[in-house]
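For reference, the structure is listed below as structure tokens.
2 protein chains.
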Amino acid sequence: MKMKDNAIWLGECEVGDSYVSDTYEVTEEEIIAFAKQYDPQYFHTDPEKAKDSFFKGLASSGWLTAAIMMKLQVASNPFGFDLVGVEVKLEWPSPTRAGDILHIRTEIKDIKMSRSKPNQGILTVETITKNQKDEVRMVMQNKILGFTRPK
Amino acid sequence: MKMKDNAIWLGECEVGDSYVSDTYEVTEEEIIAFAKQYDPQYFHTDPEKAKDSFFKGLASSGWLTAAIMMKLQVASNPFGFDLVGVEVKLEWPSPTRAGDILHIRTEIKDIKMSRSKPNQGILTVETITKNQKDEVRMVMQNKILGFTRPK
Chain H
1 MKMKDNAIWL GECEVGDSYV SDTYEVTEEE IIAFAKQYDP QYFHTDPEKA KDSFFKGLAS
61 SGWLTAAIMM KLQVASNPFG FDLVGVEVKL EWPSPTRAGD ILHIRTEIKD IKMSRSKPNQ
121 GILTVETITK NQKDEVRMVM QNKILGFTRP K
Chain R
1 MKMKDNAIWL GECEVGDSYV SDTYEVTEEE IIAFAKQYDP QYFHTDPEKA KDSFFKGLAS
61 SGWLTAAIMM KLQVASNPFG FDLVGVEVKL EWPSPTRAGD ILHIRTEIKD IKMSRSKPNQ
121 GILTVETITK NQKDEVRMVM QNKILGFTRP K
């Protein structure tokens, strides 16, 4: 369904290949709006009270960091197939902050072709989300479905 | 910072303890709005085109399922300490659909007290997100920071 020029399919990429996204600026407004809807803990919604928290200041919900990573992922991935995640592992070494200008870098770590379906496989990719100071905000290991180029 | 009656702290819960949330109804509007902002793939944003996709119909972004799980988690958890995730593993056995009425059940799978900080530890919890038909939409393994009751 995706109509990209130069799209890459399974069989046309290898372990070690990588791509980098554009950037996305995270605002205090977005951190608070997302948290009020989905993760209403005071250190995500109240800049004043957050100063006394574990995070010592307003911190983004890790799930907003994940959502922004996905936005950048959809925009930056070179694949011809859709992005359907099977299994994900996430770590947040530090919280995303207001003013962070995030980008992601994704690298293919493993490719396993399906034995029963020769046009299909599982790619393991690692996506690192960093801000403009190179601080790591999220590390994701993700298994996604891949397909060979349609004939 | 949380002021709950009957809050539970580290040392007052054990492996096997569990809790269940209230329910949350997922609408087509929310699926599309979230996806347009964070996961703009056609099977998350366009009910018609989605019929021809891997999901055979409009499917929620897995990241919206995660965000709703977190909303239910914040509302249902019995802990006196804040919820700070360290490491998460997610699987989506089936996609969340419009009309799903979701709830979560969380069970403590492991408790490891810190050696250096006696008031601190890591809880491993498993949270299963299901709809009203008992279909599993997400399985999460999560390591969270836990604290003993303040003296």
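Protein chains in written order, with the UniProt record's numbering: chain H, 1 to 151; chain R, 1 to 151. Where is the CB? At the ideal position from N, CA and C, for every residue including glycine.
Status (buried if at least 16 other CB within 10 Å, exposed otherwise) for residue i
| i | result |
| --- | --- |
| residue 110 (chain R) | exposed |
| residue 80 (chain H) | buried |
| residue 149 (chain H) | exposed |
| residue 16 (chain H) | exposed |
| residue 50 (chain H) | buried |
| residue 93 (chain R) | exposed |
| residue 82 (chain R) | buried |
| residue 36 (chain R) | exposed |
| residue 71 (chain H) | buried |
| residue 143 (chain R) | buried |
Between the CA atoms of residue j and residue i - distance to the nearest angstrom
| i | j | result |
| --- | --- | --- |
| residue 91 (chain R) | residue 86 (chain H) | 6 Å |
| residue 32 (chain H) | residue 133 (chain R) | 33 Å |
| residue 43 (chain H) | residue 12 (chain R) | 25 Å |
| residue 1 (chain H) | residue 24 (chain H) | Legend: pLDDT at residue 1 (chain H) = 48, less than 50; position of this residue unreliable, value from coordinates given subsequently. Straight-line Cα distance between these residues: approximately 26 Å. |
| residue 127 (chain H) | residue 38 (chain R) | 16 Å |
| residue 78 (chain H) | residue 130 (chain R) | 33 Å |
| residue 118 (chain H) | residue 9 (chain H) | 13 Å |
| residue 27 (chain H) | residue 62 (chain H) | 14 Å |
| residue 136 (chain H) | residue 74 (chain H) | 20 Å |
| residue 7 (chain H) | residue 55 (chain H) | 41 Å |
| residue 20 (chain H) | residue 59 (chain H) | 24 Å |
| residue 121 (chain R) | residue 114 (chain R) | 5 Å |
| residue 146 (chain R) | residue 88 (chain H) | 23 Å |
| residue 52 (chain H) | residue 41 (chain H) | 13 Å |
| residue 22 (chain R) | residue 151 (chain H) | 48 Å |
| residue 138 (chain R) | residue 116 (chain H) | 26 Å |
| residue 14 (chain R) | residue 84 (chain H) | 36 Å |
Residue i versus the options, residue with shortest Cα-Cα distance
| i | options | result |
| --- | --- | --- |
| residue 124 (chain H) | H:136, H:36, H:140 | H:140 |
| residue 18 (chain H) | H:120, H:76, H:40, H:60 | H:76 |
| residue 96 (chain R) | R:57, R:53, R:40 | R:57 |
(message) Would the stretch 64 to 83 of chain H count as touching the stretch 104 to 120 of chain R if we require 3 or more Cβ pairs under 8 Å?
(response) Touching, no, given that fewer than three Cβ pairs across the two stretches are closer than 8 Å.
(message) With three or more beta-carbon pairs closer than 8 Å as the criterion, would you say the stretch 93 to 106 of chain R touches the stretch 97 to 104 of chain H?
(response) At 8 Å Cβ cutoff, the stretches do not touch.
(request) For the stretch 45 to 53 of chain H and the stretch 17 to 37 of chain H, state whether three or more C-beta atom pairs, one from each stretch, are separated by less than 8 Å. (result) Here the stretch 45 to 53 of chain H lies against the stretch 17 to 37 of chain H, with 3 or more beta-carbon pairs under 8 Å apart.
(message) As an exercise, report each continuous alpha helix (DSSP H) stretch of at least 4 residues that is fully enclosed by the stretch 2 to 66 of chain R, in chain order.
(response) Runs found: 28 to 38, 42 to 45, 47 to 50.
(message) For a minimum of 3 consecutive residues, which ranges assigned as the beta strand (DSSP E) are wholly contained in the stretch 65 to 140 of chain R?
(response) Counting only runs of 3 or more, we get 85 to 91, 101 to 113, 120 to 130.
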